[in-house]
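Residues 46 to 259 (my numbering) are what the sequence shown spells out, left to right.
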Amino acid sequence: MRSFVNILLVLLAFSLLVGGYFYFGKGKKVRTLPYYAPVEKGLQAQKDEKGRHTAADFSLTDQTGKSISRKDFSNSVSVVDFFFTTCEGICPVMARQMERVYKEYKGNPRVKFISHTVNPENDSVEALAAYAQKYNADPSQWFFVTGDKKQIYDLARHSYLISDTRGDGGKEDFVHSQNFALIDPAGHVRGLYDGTDPVDVDRLIVEIRVLLGE
């Protein structure tokens with residue numbers, strides 16, 4: 046009986062090892078990630094040839110003063126969030142969690158990070174540069190960006206789907222979401238995560254690997 050139990054334990058351990066290899070090393074062989082779409086059809090930014098929601102193009106300025114657009118991320122998986130430098134609530138928590146993901150993929154040219162300020166009136170290029178330094182962000186991989194408020198808010202709501210609020214991007218409008226979005230090279234939203242929840246951020250770390258395996 047003991048021998049039979051030992052054989053079962055060996056088979057179970059072998060199954061876990063094989064499953065773990067394909068899960069973490071070959072992500073796609075275990076699962077693929079969904080394609081997210083707006084809940085409300087009116088929030089559709091644009092579609093690809095298969096009718097799937099894609100993020101719109103943009104023109105923003107990063108912490109080095111360089112202008113960036115969607116094409117700068119066309120060959121990489123992107124992790125996106127929205128914050129502001131003077132936030133004392135969820136933003137520092139989100140930044141630490143984003144830093145954790147960044148460290149996991151630091152130096153990998155196929156993974157990039159974009160943190161958008163939702164307070165562009167006050168978050169200058171210099172302010173973003175100082176904020177980026179707190180997290181040792183390589184400006185060629187982790188971009189802290191500012192620009193036109195309406196454009197940024199449209200990206201949050203209509204492109205990356207991290208906020209279901211409504212607004213016109215005007216003076217009284219404000220977006221403040223703890224969500225991270227995972228974007229594939231073609232601009233599809235492939236995952237949404239609570240950036241204040243370490244367990245959900247662990248899921249993001251794994252699903253980046255899944256997406257890289259596609």
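Here a beta-carbon is modelled for each residue, glycine too, at the ideal position from N, C-alpha and C.
Computed from a prediction, not measured in an experiment: that's the story for all the values here.
Proximity of residue i and residue j at Cβ, strictly below 8 angstroms
| i | j | result |
| --- | --- | --- |
| Arg76 | Val234 | no |
| Thr191 | Thr162 | yes |
| Phe188 | Ile228 | no |
| Asp117 | Pro184 | no |
| Leu206 | Tyr80 | no |
| Tyr180 | Glu133 | no |
| Thr241 | Val138 | yes |
| Val146 | Leu249 | yes |
| Val127 | Ala175 | Position check: residue 127 holds Phe in this sequence, whereas Val was assumed. No, the pair does not count as a contact, with Cβ atoms beyond the cut-off. |
Residue interval of the alpha helix (DSSP H) (run including residue i)
| i | result |
| --- | --- |
| Val138 | Ile135 to Tyr150 |
| Ala175 | Val170 to Lys179 |
Closest by C-alpha distance to residue i, when choosing among the options
| i | options | result |
| --- | --- | --- |
| Thr130 | His221, Tyr238, Val251 and Thr241 | His221 |
| Leu173 | Thr109, Thr241 and Gln91 | Thr109 |
| Tyr198 | Ala182, Leu237 and Lys216 | Lys216 |
| Ala311 | Ile253, Val251, Glu259 and Pro243 | Because the chain is modelled from 46 through 259, residue 311 falls outside the range shown and cannot be assessed. |
| Val170 | Glu259, Ser112 and Gly212 | Ser112 |
Neighbourhood of residue i by C-beta, 8 angstroms cutoff - its chain only, sequence neighbours within 5 removed
| i | result |
| --- | --- |
| Gln196 | Phe103, Ser104, Leu105 and Gly214 |
| Leu257 | Gly72, Val122, Arg155 and Val156 |
| Arg97 | Tyr80, Ala82 and His233 |
| Gly212 | Tyr198, Arg202, Asp218, Phe219 and Val220 |
| Lys151 | Asp183 and Gln186 |
Neighbourhood of residue i by C-beta distance below 7 angstroms, restricted to the same chain and skipping five residues each side
| i | result |
| --- | --- |
| Asp239 | Gln223, Asn224 and Asp245 |
| Asp168 | Phe129, Thr130, Thr162 and Thr191 |
| Ser119 | Pro230 |
| Leu62 | Only weak support exists for where Leu62 lies, its pLDDT of 47 falling under 50; the coordinates are left without a value. |
| Glu252 | Leu78, Leu227 and Gly236 |
| Glu149 | Ile250 |
| Gly232 | Thr99, Ala100 and Arg115 |
| Ser136 | Strictly speaking, residue 136 in this sequence is Cys, with Ser absent from that position. Within the same chain, Cys136 has close Cβ partners Phe128 and Phe129. |
Same chain only: Cβ atoms within 6 angstroms of residue i, ignoring 5 sequence neighbours per side
| i | result |
| --- | --- |
| Lys194 | Pro165 and Gly214 |
| Gln186 | Lys157 |
| Leu54 | Confidence at Leu54 is low in this model, with a pLDDT of 47, below 50, so the placement of that residue is unreliable and no value is reported for it. |
| Gln142 | Gly240 and Val246 |
| Ala177 | Gln108 and Phe189 |
| Lys208 | Note that residue 208 corresponds to Ser in the displayed sequence, not to Lys. Excluding sequence neighbours, Ser208 sits near Ala201, Arg202, Val220 and Ser222. |
Residue interval of the beta strand (DSSP E) (run including residue i)
| i | result |
| --- | --- |
| Val190 | Trp187 to Val190 |
| Val156 | Val156 to Thr162 |
Which ranges would you report for the alpha helix (DSSP H) in the region 200-255 if only whole runs of at least 4 residues count? none
To test your reading of the DSSP string, which unbroken beta strand (DSSP E) runs of 3 or more residues are found completely within the region 89-130? 104-106, 112-114 and 122-128
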